[in-house]
Structures are given as C-alpha cells and as structure tokens.
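So in full-length UniProt numbering, spot 18 of the sequence shown is number 18, and the numbers just go up one at a time.
Positions of the beta carbon are idealized from the N, C-alpha and C atoms, including for glycine.
These notes concern the structure reproduced below.
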Amino acid sequence: MEHPDWLWRTPEPRRSYDVIIVGAGGHGLATAYYLARNHGITNVAVLEKGWLAGGNMARNTTIIRSNYLWDESAAIYEHALKLWEGLQEDLEYDFLFSQRGVLNLAHTLQDVREGTRRVNANRLNGIDGEWLTPDEVAKVCPIVDVSPDVRYPVLGGTWQPRAGIAKHDYVAWAFARKADRYGVDLIQGCEVTGFITDGDRVTGVRTNRGPIHAGRIGLAAAGHTSVLASTLGIRLPLQSHPLQALVSELLEPVHPTVVMSNHVHVYVSQAHKGELVMGAGIDSYNSYGQRGSVHVIEQQMAAALELFPIFANAHLIRTWGGIVDVTPDASPIIGRTPVENLFVNCGWGTGGFKATPGVGWVFAHTLAHGEPHALNEPFTLERFTTGALIDEHGAAAVAH
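Right, here's the structure in full:
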C-alpha cells in the first residue's frame with residue numbers, strides 16, 4: 001500500500017514474532033505502540049488485510065468522551081480521555097484534538113432522569129459532568145432550538161466540558177509512525193485466513209502471504225473478530241450492524257460543540273475544515289456491508305432539522321457506512337479466550353474511537369503479561385457466563 005516513506009516502513013512479514021496483532025485500526029496500532037513503549041516488546045507485527053486504518057478508524061465520527069454510567073466503563077473511558085489530553089505531545093503529532101465539550105440532550109422525563117443519574121455517577125467517579133437547563137443549553141450551543149412548542153422539546157442536557165473530537169486519520173498515522181520507529185512491522189495487504197495450532201493453543205496465523213508464527217496473538221478486527229474466532233470453534237457473543245454517517249459542504253464556523261440526542265437518534269459536530277459531521281442510530285439488520293438503508297438517513301436528517309433549523313439550507317455531500325460489533329450488554333470484550341495464547345479486543349459497538357489510547361494501553365498489558373489489566377478485568381469473556389454484565393445500552397444507544 002502506497003504511503004510516504006517518512007511515515008512508516010513497508011516491511012515484508014518475517015517468519016515469526018513475539019506478538020501478532022490482527023487489525024491495523026486505531027486499537028491495533030495503539031496496542032502495538034504501547035507494547036513497545038510500556039513493555040519493551042518490539043518484535044511485533046500488525047497485520048491488516050486492507051490498508052492501514054481503512055476500516056472503522058476511517059469511518060467513525062471522531063467523538064471523544066468519558067461520561068459513561070457504570071464504574072467499570074467510566075474508568076476505562078476516563079483513562080483513555082486522560083491519555084488523549086497528553087497524546088499529541090507523546091506521539092509528537094498534531095492530530096487536532098479539540099476539547100469543545102459534548103452535550104447530550106434530554107427530550108422526555110425519562111431522558112432527564114437518566115441524564116441526571118449519569119451526571120451524579122460521573123461526579124462520584126471524579127469525571128467532569130454538569131446538568132444544564134434549556135436556557136443553559138442555548139448558551140452552550142445557541143443554534144439548538146430550545147423552543148417548548150417543537151415535536152421534541154429540549155428539557156435539559158448533560159454536559160462534559162473536557163470531551164471533544166480529533167481527526168481520526170491523523171490519530172492512526174501518529175500511532176503508526178511511532179510504533180514503526182520502535183521497530184514494529186506494519187504489514188498491509190496481509191489477510192489472516194486461519195490459525196496454526198498445537199493442541200489447544202495457537203502458535204501462529206495463516207495468511208495470504210504465508211504462515212507467520214507468534215508467541216501470542218491479539219485480535220483487534222472489530223466485527224470480523226468473531227469470524228476469525230469461529231475458525232477455532234469459539235463463538236463470540238457479537239452481532240455486527242451497519243452504521244451510517246454523513247457530511248455537509250464546507251461552512252463557516254456555526255457549531256461550537258458536539259450535540260447528541262439519544263431520543264431522536266442524531267448527533268452533530270463541525271469538523272475543523274468546516275463540514276458538519278452527523279451520525280444516526282445503527283441499521284437494525286446484521287451485516288458486514290459498509291453501507292446502510294436510505295430511510296435511516298432520512299430520519300436522521302429530519303431529526304437534525306428539528307434540533308437545528310439553521311441546517312435547512314445546508315447540502316448533504318456524501319454518506320458512508322461502517323460496521324459496529326455489539327455485545328449483549330453493549331460493553332466490549334478485552335482479554336483471554338479459551339484457546340491458549342489467543343486474546344481478543346472487540347465488541348466496542350459505537351464507542352471504539354474514543355477508547356483508542358485507553359484500550360491500546362490495557363490490551364498491550366494483557367498481551368505482555370497474559371493477564372488482564374485492572375481496567376479491563378471486568379470486560380473479560382467470562383462475564384457472559386457469570387452474569388456480571390456491564391449494561392451500557394443507555395449510554396451507548398446512539399452511534400457515538
């Protein structure tokens with residue numbers, strides 16, 4: 001795959017590595033970087049069947065926040081947000097991290113109850129969070145219609161000032177460049193088709209470029225993680241859905257923050273170049289197709305115009321789709337599998353981008369030590385047997 005030589009090398013795969021990571025998205029690249037930086041493990045290959053960061057990393061809407069409800073979720077996302085706050089300096093790359101805040105609107109009494117509960121839970125966990133009245137919402141984002149006589153009146157909203165956005169491509173390139181400088185091999189156009197096994201443990205992967213052996217293997221391939229795991233007889237509790245987003249033409253700065261609404265299923269920010277970036281809820285059917293249904297976009301636009309009448313004269317330029325892999329409790333799986341030496345990081349649903357540095361940190365620890373980090377210990381596969389679920393459907397109901 002073509003890219004400037006000053007970004008990273010284009011090595012041929014070696015016969016063996018200490019660690020192989022399958023998937024060169026944000027999570028795979030961050031894991032490789034932290035394996036090298038935190039644990040001194042540099043004999044690492046990141047294998048990508050397409051091009052680097054060409055999957056969900058290139059298709060998300062770049063929102064970063066940590067205001068999740070449950071302690072376990074809040075802890076890992078807050079760890080990620082604290083890493084984001086120093087990451088540009090750490091990676092020596094300006095990826096346009098902008099802490100412009102995230103506003104979650106409430107339109108019903110149930111929204112109000114859920115929002116105030118989440119703000120209180122966030123404060124108990126030391127996470128910045130405020131409850132805003134409709135007038136305060138209008139001060140934070142003057143273009144939101146807070147009139148009482150609309151179909152979905154704004155009754156208030158949660159506000160996390162430290163949240164924001166970053167440019168996803170730049171984030172991937174920053175992690176890739178630093179990992180490469182540590183000696184990590186980033187191998188594009190290398191599709192994993194199966195595993196090499198010895199009894200009940202994996203010893204390598206089979207690829208379209210030949211077999212590659214490894215001491216440990218980490219799967220970070222989003223929804224396709226379940227496809228790979230199934231070749232070993234592991235049935236992961238994942239369902240994959242299309243998720244759509246769109247952008248407008250370039251506009252003057254009109255939107256100062258990020259606004260989300262679970263109730264009407266739309267969220268909007270304005271990118272650094274000026275385009276409005278909007279997303280909706282997931283398509284309900286299961287698919288690995290990177291496209292979705294027209295009616296979802298139509299409903300998304302109707303909801304956006306309800307909240308932002310000023311957008312009526314904007315033009316939709318393009319839409320695209322990604323794939324979200326969702327678990328029964330809307331929380332990720334990070335840890336060991338029943339097969340020795342095989343580890344998974346998947347099930348992030350709509351929360352993958354914002355977690356990038358945090359999950360890279362803990363998944364690297366897990367691969368380095370063979371045991372979960374304290375932050376990802378609650379997110380192991382065993383919780384679906386024990387019943388210790390982390391139900392984040394309320395905080396992750398919209399694609400964000």
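Using CA atoms only, rank isn't needed, just tell me which of the options is closest to residue i.
i	options	result
ALA214	ALA166, GLY292, PHE379 and VAL202	VAL202
LEU47	GLY55, VAL192 and ALA138	VAL192
ILE390	VAL339, GLY370, ALA364 and ILE334	ILE334
GLY157	VAL344, GLY129 and ARG206	GLY129
PRO237	ARG336, SER226 and THR231	SER226
VAL259	ALA303, ARG216, LEU381 and GLY289	ALA303
ILE217	THR62, GLN270, ALA138 and GLY370	GLY370
LEU186	ALA364, GLU12 and GLU382	GLU12
ALA220	ALA245, VAL362 and SER16	VAL362
ASN56	GLY352, HIS373, TYR285 and HIS272	GLY352
TYR267	LEU29, TYR17 and LEU307	LEU307
ARG318	PRO332, TYR285 and GLY279	GLY279
TYR93	TRP173, SER66 and LYS82	TRP173
LEU245	VAL254, GLY233, ALA271 and ILE297	It should be pointed out that residue 245 corresponds to Ala in this sequence rather than to Leu. Selected option, being the one with the closest Cα: ILE297.
ILE310	VAL254, CYS190 and GLY360	VAL254
HIS315	HIS39, GLU275 and ILE282	GLU275
ASP200	GLY189, ARG181 and ILE234	ILE234
LEU243	LEU52, THR61 and TYR34	THR61
ASP18	GLY40, VAL171, ALA222 and ARG59	GLY40
ASP180	SER66, ALA32 and LEU109	ALA32
Can you tell me which of the three DSSP states residue i falls into?
i	result
TYR17	strand
THR197	strand
PRO242	strand
PRO253	coil
LEU367	helix
HIS400	Residue confidence is low: HIS400 scores 45 on pLDDT, short of 50, so the model does not pin down where it sits. Its coordinate-derived value is still stated next. If DSSP states are grouped into helix, strand and coil, HIS400 belongs with coil.
GLU136	helix
TRP361	helix
ASN130	At residue 130 the sequence reads Glu, which differs from the Asn that was named. Residue state, collapsed to three classes: strand.
ASN286	coil
THR386	helix
ALA53	coil
ASN60	coil
ARG181	helix
GLU12	coil
ALA24	coil
THR319	strand
ILE310	helix
VAL144	coil
Identify the residues that DSSP records as bridge partners of residue i: which are they?
i	result
TYR267	MET260 and GLY279
ALA302	None; ALA302 has no bridge partner.
ARG206	GLY194 and PRO211
GLY156	ALA106
ILE297	Paired residues: none, contrary to the question.
GLY351	Partner(s): none; GLY351 has no beta bridge.
ASP325	SER240
VAL344	LEU219 and GLY335
LEU47	VAL22 and ILE187
VAL247	VAL277 and ARG318
ILE165	ILE63 and SER98
Classify residue i: buried if its beta carbon has 16 or more other beta carbons within 10 angstroms, exposed otherwise.
i	result
VAL324	buried
HIS107	buried
PRO142	exposed
VAL398	Because the pLDDT of VAL398 is 47, which lies under 50, any placement of that residue in the model is unreliable, and the number read from its coordinates should be weighed accordingly. Buried, because 16 or more other Cβ atoms sit within 10 Å of the Cβ of VAL398.
HIS249	Here the sequence assigns Glu to residue 249, which means His is not the residue at that position. Its Cβ having fewer than 16 others within 10 Å, GLU249 is exposed.
HIS400	Any reading at HIS400 is ruled out, since the residue's pLDDT is 45, under 50, leaving its predicted position unreliable.
SER269	buried
SER261	buried
TYR285	exposed
TYR288	exposed
ASN208	exposed
SER147	exposed
SER331	buried
THR386	exposed
ALA24	buried
At 3 residues or longer, and completely inside the stretch 65-125: list those beta strand (DSSP E) runs for me, N to C.
102-106
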